[in-house]
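**Q** Sequential numbering from 6 applies to the sequence shown in this note's numbering.
Beta carbons are placed, not taken as given, at the ideal position from N, Cα and C, and that holds for glycine.
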Amino acid sequence: MFAPKVATICQDNPQMCNDLNSDEWCRGEKAEIIKQRYRHPDDGEGEDIYRLMLMFEDYQRCITNASGLTHKKYRDKEADRMKGVLTARKELDRLNRKTRNSSEPLLAWYHWSRSGDEDALKRFMAAASAGRLNTPEQLIALASIQAQDDMNRTRDTLYRALSLYKDDENVDVSVFHTLTTISMEQKKYKLAWIWSKVASHYSDSINTHQLEAMATKFQLPASLMNNVADEITGALEDGEFDAKALGLTKL
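The following block contains the structure:
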């Protein structure tokens with residue numbers, strides 16, 4: 006659904022904006038909430054509510070930090086930001102109550118990951134057993150649980166998650182870091198280097214000096230592995246990631 010500009014939404018639907026801070030702080034986080042409210046005035050269902058909860062978490066972190074800034078001349082700004090803090094708390098409490106017993110996989114995972122709700126974990130794992138996890142985000146959530154006791158299954162699940170992306174525009178970069186960590190723990194240093202290289206393509210968290218140091222330390226064929234990393238990024242861009250076809254299962 007196409008959403009108009011935030012200013013237009015707020016002008017035509019002030020109730021979607023008035024309980025958030027009105028100054029420039031947290032503009033991006035605030036805009037996401039307003040657009041989501043416009044798309045789903047009644048919260049939506051399933052994953053829509055899950056995404057709204059994540060948006061309010063992001064907004065809460067941002068506006069809570071901003072509310073700690075004091076203004077000697079503009080006390081009204083402090084009050085305005087505190088309004089945003091209270092709204093975030095209130096909305097998260099409301100959405101938590103609304104979804105506490107949900108069997109929607111991501112909502113069940115949310116309640117387990119945030120509050121350790123064992124019943125929610127059972128609902129999530131039941132969805133996994135029934136083959137109902139069929140999006141990258143759902144599978145990444147499953148992998149976060151598997152990582153506690155089965156690194157091989159975690160890797161397989163993350164490979165499947167990557168295979169479901171249509172392109173790399175919204176790929177979750179944390180997947181590459183997790184695959185790097187797993188590979189290091191299993192002493193699969195070639196794979197660790199490759200996934201570190203892929204991660205460096207999407208973020209600045211890993212630099213070339215770190216990759217060079219890793220290649221030297223473990224005597225790795227950097228040129229060959231660089232080609233594999235390039236093949237992976239190309240496959241992700243085209244929405245054609247296949248771990249077996251890329252030869253990753255043999256490394």
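Of all Cβ atoms in chain D, is any one closer than 7 Å to the Cβ of residue 204?
**A** The question asks about chain D, but that chain is absent: this structure has only one protein chain.
**Q** Does DSSP put residue 239 in a helix, a strand or coil?
**A** Of the three classes helix, strand and coil, the one that applies to residue 239 here is helix, per DSSP.
**Q** Identify which residue in 125, 122, 162 has its Cα closest to the Cα of residue 138.
**A** Considering only alpha carbons, the answer is 162.
**Q** Give the DSSP-derived three-state secondary structure of residue 178 in the structure shown.
**A** The answer is coil: DSSP assigns residue 178 none of H, G, I, E or B.
**Q** Check residue 214 in the structure and name its three-state DSSP category.
**A** In the structure shown, residue 214 sits in a helix (DSSP, three-state: H, G or I).
**Q** Measure the CB-CB distance between residue 33 and residue 109 and report whether it falls below 7 Å.
**A** Their beta carbons are not under 7 Å apart, which means residue 33 does not touch residue 109 by this criterion.
**Q** Spatial neighbours of residue 184 within its chain, please: CB distance less than 7 Å, with the 5 preceding and 5 following residues excluded, ordered by chain position.
**A** Taken in chain order, the residues that qualify are 160, 163, 200.
**Q** Classify residue 9 as helix, strand or coil using the three-state DSSP reduction.
**A** Three-state result, residue 9: coil.
**Q** Mind checking whether residue 126 and residue 55 have CB atoms under 7 Å apart?
**A** In this structure, residue 55 does not lie closer than 7 Å to residue 126 by Cβ.
**Q** Since I believe residue 21 is in contact with residue 37 (beta carbons under 8 Å), could you give me their beta-carbon distance rounded to a whole number of angstroms?
**A** 12 Å between Cβ atoms; not a contact.
**Q** Among 221, 189, 239, which residue has its Cα nearest to the Cα of residue 256?
**A** Minimum Cα distance to residue 256 is reached at 189.
**Q** Helix, strand or coil: how does DSSP classify residue 109 here?
**A** Reduced to three states, the DSSP call for residue 109 is coil.
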